[in-house]
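Notes follow the structure.
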Amino acid sequence: MRKSVDEIVEDLPKNEKMIVKRLRLLVKECLPGAEEKGYYSFNVPFYKHHRMICFIWPPSLFEGMEKTKEAHDKKGVTLGFCQGNLMANDEGLLQKENRKQVYCMYFKKLSDINDDQIRALLFEADAIDQRFKKPRKL
């Protein structure tokens, strides 16, 4: 049977668990209309409203993908923005890397999280998501 996102989070290594829990709280606070859903075989928490908004991907959930896991172990827990290419990113907090659409931030320890910066990015991501709202049919 597939584990819930809560169960997956509880099974994470302590440092990752603390980071993921903090990020989940911020996401739920800033995106109250978004649905949390575990995606892929890893049950990674993704947040969706009109479209995918963001995700939280701890490095330990890259099991079986050793090169990817090793690279992400060095970076930390990923907070990815699915429409990152549409975000202002004036402060350069989001990393594009080799991607066209998804931009990310990485956190190795709980103190790396700046709540106000994350909130601002989440509110911006939510505003972008609202653009994708389908008009009601009459």
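Counting from 28, one number per residue, gives the positions in the sequence shown under this note's numbering.
From the three backbone atoms N, C-alpha and C, an ideal C-beta is built for every residue, glycine too.
This one's a predicted model, so the numbers in the text were calculated from it and none came from an experiment.
Query, Result
"Would you kindly work out how many angstroms separate the C-alpha atoms of F82 and K30, rounded to a whole number?", "17 Å"
"So, with DSSP's three-state summary, where would you put F73?", "strand"
"Using a threshold of 7 Å, state whether the C-beta atoms of T105 and Y74 are closer than that.", "no"
"From what residue to what residue does the beta strand (DSSP E) around L106 run?", "104 to 108"
"Suppose contacts are defined by Cβ-Cβ distances below 7 Å. Is L53 in contact with I155 by that definition?", "no"
"Do you know how far the Cα of A61 is from the Cα of K161?", "15 Å"
"Taking 6 Å as the cut-off, is the CB of E43 close to at least one heavy atom of the ligand PLP?", "Among the components modelled here there is no ligand, and therefore nothing to report on the ligand PLP."
"I need the boundaries of the beta strand (DSSP E) containing M114, first residue and last residue.", "Note, M114: premise wrong, no beta strand (DSSP E); not H, not E."
"How long is the line joining the alpha carbons of M114 and Y66, rounded to whole angstroms?", "23 Å"
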